[in-house]
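Chemist: Quick one: structure below, then a few questions.
Next up, the structure:
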């Protein structure tokens, strides 16, 4: 007796660049159909075409520079509804059954935090019913329906999040993320042509890479995938090659210690000089910055001389003006000295779970940079990463030095 | 004791040309606010911006020449959602409360006939709740939610229909239709510069004018307004002048007999010659054409000579090929003669409820045309209209002759 093999349930997510025009939508349709024909059940999550979301934001700003977030969600959610309907039409043309849904129709229930709503639950009945009818189900990404019955959007990287959440809710076998790069690389190939594609990467490494400048996947989606242990397969929309699988425990015995190098130049440095070296001063500075929604990343407090110390920290460039203003007020009230800022910095990071158990990685990192006459301005470390702030014009060189120094150009997996 | 006057409930509909770009949306916002500030409750129904709907249809056709109607509705309904959100933002900028809704959110329930759904009922709870909060309520026109919980659209002129149906459901005091012309004219001012704007017109006259080529309002919306006796005020979006009020009984004792002249050149004529003059033959021809969805407008059967007759009828030009093919098959099967067609025709009509009680209108119409050497090819009449088919190149002249002959250039109301 032959046991009938259960077919797989796959969630595929196509990003905006993968559906930027009718031709690309047709290519995505072919790809979706190819999977469905192998007797798999396929749920597709789709982003808005190309720059649609940016265009809609621009249109809104022309009318109201501070649009209501509830109305922004009404506006922006149309982008994914359009691409979903078009993908369904492209699949129909090839004689295959498909149906598109908005986030609201399919029961992606979120909180009421417009423009950055959190998914609370997904009612999967309607999707399952359509899958049972043999249809490919297309879901507009990036959006949901709030508990107040309003249309919401999920913020940056929202479609990735829709896909992962659907994969969790449907207990999918795989969640594939199609994008314009064909996987996760050891570093940005535009900076270092020797960059290698990784076959596997752990959730934690991916989170570190993403938070340190790698732009392939948004951290929130990776966090959810990690929480529910759903492997993500990041791959190129227009390539048949395997991409990179992000998972808890990749099937590799011995991994290289460092797995990726990132470069971020979207931050600026602020220095408060002559800060009275008393307990609680630093805490109060960063409490106030946090209250004003300034995202402080790295903090360094120099060795104090006499009763004074210098405190430097980095903030996103877009928040620099606000952060300087707050810092000046703080400086006056705590009787500190001048507030200076520097926008010509770059942050270089190395990431790898192997660092946990390997000593000497930091030392090697610093000595590689020193040997190449790259000054380190600030340092911060986590269990699985080391970040160094350097002069902006040394950023790319630092990436190359570290990539070669840790033998990432020779990596196999 | 002073009795508190209840404020009015107004439904305003803005067409696509009235919200074609951000500047026009801001103008519409000012207009809406002006009404709301006079303590009126305002519900706004809005069409998609300018050519948005056509652009979306074009995009769909690039992907699938025969797109599924269900997916077309998913696609097209986004146009009105976008303009609704933008109008809400424009109103907010001026410090006035407003909220936008899709047809589905607001409970416009339709049948499941995608792309031309009929409104079954409107659940007004949510609108009323928001009006009570002092908000201007904006509803995306042209769309609804089917009984199968799918997004539907209402077909051509659908936003007019949304507005009238909302006015009925909310028991509105007025329904204003804002468009790019400032009212209903005695004829097309581009043809006859002496055309006059009518202050009032009856529902029946408006229906006749619309079905005979006047393009200001779609017949379905007028039919619903007539059924529930909701006066419609058709007026210009960018003008403060009063427009034309369409109502059951305009407040005028003695009306001119003829109220409007229309010209339509979208039809073609087909002639079946030597048709056997037997009962039932004509019926069978038009039954088959109707079954094939060819919309036959005028029919003329010439006096029969011997046992044969000629039958001419008009069809929309877009259906001409199909109609000729069907006619040829018919002609063979009933042993009739040649099938000929003529696309160089125009239909001129005069409309007015006064015709019912005034004899001699037809005679005057024919003699006006004859005196000006315009040959009449076909004639059809209803209780309140007379239509004549003439050669296409005589169409505009016929309009001018009838407009002057019936003294429409002197009309006061």
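Chains as they are written, first to last, in this note's numbering: chain A, 120 to 532; chain B, 120 to 532. Glycine included, each C-beta is placed from N, C-alpha and C at the ideal position.
In this structure, how does DSSP classify residue 160(A) when only helix, strand and coil are distinguished?
Modeler: If DSSP states are grouped into helix, strand and coil, residue 160(A) belongs with the strands.
Chemist: Roughly how many angstroms separate the alpha carbons of residue 370(B) and residue 364(B), rounded to a whole number?
Modeler: Approximately 11 Å, taken between the alpha carbons.
Chemist: My understanding is that residue 511(A) touches residue 464(A), with C-beta atoms under 8 Å, so please give their C-beta distance in whole angstroms.
Modeler: Indeed, because the Cβ distance is near 6 Å, the residues count as touching under 8 Å.
Chemist: How about residue 203(A) and residue 297(A): are their beta carbons less than 7 Å apart?
Modeler: Their beta carbons are not under 7 Å apart, which means residue 203(A) does not touch residue 297(A) by this criterion.
Chemist: Does residue 383(A) get closer than 7 Å to chain B when you measure Cβ to Cβ?
Modeler: No, residue 383(A) lies away from the interface with chain B (no Cβ there is under 7 Å from its Cβ).
Chemist: Using the C-alpha atoms, what's the distance from residue 525(A) back to residue 207(B)?
Modeler: Each residue's Cα considered, the two are about 55 Å apart.
Chemist: Quick one: grab the DSSP three-state call for residue 141(A).
Modeler: Helix, per DSSP.
Chemist: Any idea what DSSP makes of residue 473(B), helix, strand or coil?
Modeler: Helix, per DSSP.
Chemist: Pair every Cβ in the segment 153 to 161 of chain B with every Cβ in the segment 125 to 135 of chain B, then say whether three or more of these pairs are closer than 8 Å.
Modeler: These segments touch.
Chemist: Going straight from the alpha carbon of residue 331(A) to that of residue 382(A), what length do you get?
Modeler: Their Cα atoms are separated by approximately 7 Å.
Chemist: By how many angstroms is the C-alpha of residue 177(B) removed from the C-alpha of residue 326(B)?
Modeler: Roughly 30 Å between the two C-alpha positions.
Chemist: What first and last residue would you give for the alpha helix (DSSP H) that runs through residue 355(B)?
Modeler: Premise fails: residue 355(B) lies in the beta strand (DSSP E), 351 to 355, not in any alpha helix (DSSP H).
Chemist: From 400(A), 427(A), 252(A) and 215(A), pick the residue whose C-alpha is nearest to that of residue 148(A); which is it?
Modeler: Out of 400(A), 427(A), 252(A) and 215(A), 215(A) has the C-alpha closest to the C-alpha of residue 148(A).
Chemist: Measuring alpha carbon to alpha carbon, tell me which of 168(B), 415(B) and 217(B) ends up nearest residue 187(A).
Modeler: Of 168(B), 415(B) and 217(B), the residue nearest in Cα terms is 217(B).
Chemist: Pull the bridge partners of residue 428(A) from the DSSP assignment, please.
Modeler: According to DSSP, which records beta bridges pairwise, residue 428(A) is partnered with 394(A).
Chemist: Determine the closest residue to residue 343(B) out of 198(B), 360(B), 285(B) and 145(B), with distance taken between C-alpha atoms.
Modeler: When only C-alpha atoms are compared, the closest one is 285(B).
Chemist: Find the residues of chain B that neighbour residue 203(A), judging by a C-beta separation of less than 8 Å, and give them in chain order.
Modeler: Going along chain B in sequence order, the residues near residue 203(A) (Cβ under 8 Å) are 193.
Chemist: Would you say residue 310(B) lies against chain A (beta-carbon separation less than 7 Å)?
Modeler: Answer no: the Cβ-Cβ gap between residue 310(B) and chain A never drops below 7 Å.
Chemist: Could you tell me how far apart the beta carbons of residue 192(A) and residue 271(A) are, in whole angstroms, since I believe they sit closer than 8 Å?
Modeler: Yes, residue 192(A) and residue 271(A) are in contact; Cβ-Cβ is about 5 Å, under 8 Å.
Chemist: Any C-beta of chain B sitting closer than 7 Å to the C-beta of residue 219(A)?
Modeler: By this cut-off, residue 219(A) is an interface position.
Chemist: Report the option in 398(A), 523(A) and 273(A) whose CA atom is closest to the CA atom of residue 264(A).
Modeler: Of 398(A), 523(A) and 273(A), the residue nearest in Cα terms is 273(A).
Chemist: Run through chain A and tell me which residues come within less than 9 Å of residue 211(B), C-beta to C-beta.
Modeler: In chain order: 183, 185, 186, 187 and 190.
Chemist: For a contact defined as C-beta to C-beta under 8 Å, what are the partners of residue 207(A) on chain B?
Modeler: Residues of chain B passing the Cβ test: 187, 190 and 193.
Chemist: With DSSP as the reference, label residue 128(A) as helix, strand or coil.
Modeler: It is a strand residue.
Chemist: Would DSSP call residue 257(B) helix, strand or coil?
Modeler: If DSSP states are grouped into helix, strand and coil, residue 257(B) belongs with the strands.
Chemist: Which two residues bound the contiguous alpha helix (DSSP H) that contains residue 345(B)?
Modeler: Its alpha helix (DSSP H) spans residues 338 to 347.
Chemist: Could you tell me the boundaries of the alpha helix (DSSP H) in which residue 179(A) lies?
Modeler: Where residue 179(A) is concerned, the enclosing alpha helix (DSSP H) stretches over 171 to 182.
Chemist: Hey, residue 472(A) and residue 299(A): beta-carbon distance below 7 Å or not?
Modeler: No, these two residues do not count as a Cβ contact at 7 Å.
Chemist: Between which two residues does the alpha helix (DSSP H) holding residue 443(B) run?
Modeler: Unbroken alpha helix (DSSP H) run through residue 443(B): 439 to 452.
Chemist: Checking 7 Å against the spacing of the C-beta atoms, do residue 500(A) and residue 200(B) come in under that value?
Modeler: No, the pair does not count as a contact, with Cβ atoms beyond the cut-off.
Chemist: State yes or no: is the C-beta of residue 445(B) nearer than 6 Å to some heavy atom of the ligand ZN?
Modeler: Ligands displayed in this structure: none; no statement on the ligand ZN is therefore possible.
Chemist: Just to confirm before moving on: does the CB-CB distance between residue 458(A) and residue 391(A) stay below 7 Å?
Modeler: Cβ atoms of residue 458(A) and residue 391(A): closer than 7 Å.
Chemist: Along the segment 138 to 168 of chain A, what residues have a CB closer than 8 Å to any CB found in chain B?
Modeler: Answer in chain order: 141, 144 and 145.
Chemist: DSSP on residue 111(B), reduced to helix/strand/coil?
Modeler: Chain B is shown only over 120 to 532; residue 111(B) falls outside these bounds and no answer can be derived.
Chemist: Excluding the five sequence neighbours on either side, which residues of its own chain have a C-beta within less than 6 Å of the C-beta of residue 167(A), listed in chain order?
Modeler: 135, 198, 199 and 202.
Chemist: Count the other C-beta atoms from every protein chain shown that fall within 10 angstroms of the C-beta of residue 224(B), then say buried if there are 16 or more, exposed otherwise.
Modeler: Under this definition residue 224(B) is a buried residue.
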